[in-house]
Amino acid sequence: EAVSLLVLRIGTGRKHQIRAHTAHIGHQTICDGRYSSAATFHADGLWCARNFLHRYRLAFRDACRNPRQVVDKLPADLCAALAQVRSRGSSGQSEASLRLWLEEEQLLGWDELPGLTS
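Just so we're aligned, residue 1119 is where the sequence shown starts under the numbering used here, counting upward by one.
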């Protein structure tokens, strides 16, 4: 089974925005009982116990209009699920990006996250 690890940035906080948009293009989030078929949901549940969706970074302005940011590593259960994924890429970029999420002690800001080249 092929999966993709995506880091997405959204402009609004609309309910189910990421889940609905990724499902619309045929790439449902892992273990998503609402936007994937029952068979896919069951198969995903064999290796990931919950919806694989994590808010890594939350940025906002406080009441005084000062910018604030909170970042949070992947929780242990999602790290355990992600550790079962293997890279198909031959360039090493995919494997390096995967390791970043599994092993990174210092959380990176949005602009510091590595992207894959085409």
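Glycine residues also receive a C-beta, built at the ideal position from the N, C-alpha and C atoms. Remember, predicted model here, so these are calculated numbers, not experimental data.
Separation of residue 1178 from residue 1123, as counted between CA atoms | 25 Å
Given that a residue counts as buried once 16 or more other Cβ atoms are within 10 Å of its Cβ, and exposed if not, what is residue 1188?
-> exposed
Is residue 1184 buried or exposed, if buried means 16 or more other CB atoms sit within 10 Å of its CB?
-> exposed
If we ignore side chains and look at the alpha-carbon of each, how far apart do residue 1141 and residue 1162 end up?
-> Roughly 15 Å between the two C-alpha positions.
Would you identify the three-state DSSP class for residue 1177, choosing helix, strand or coil?
-> strand
Beta-carbon contacts of residue 1171 that lie in its chain and below 6 Å, excluding the five residues immediately before and after | 1147
Would a C-beta distance cut-off of 8 Å place residue 1174 and residue 1190 closer than the cut-off?
-> yes
Determine whether the Cβ of residue 1186 lies closer than 8 Å to any Cβ atom of chain B.
-> Any reference to chain B falls outside this structure, which holds one protein chain only.
In three-state terms, what does DSSP make of residue 1217?
-> Residue 1217: helix per DSSP, three-state reduction.
Determine the direct distance from the alpha carbon of residue 1204 to that of residue 1316, and round the result to whole angstroms.
-> The displayed coordinates of the chain run from 1119 to 1236. Any statement about residue 1316 would go beyond what the structure contains.
Could you tell me which residues DSSP pairs with residue 1185 in its beta bridges?
-> 1179
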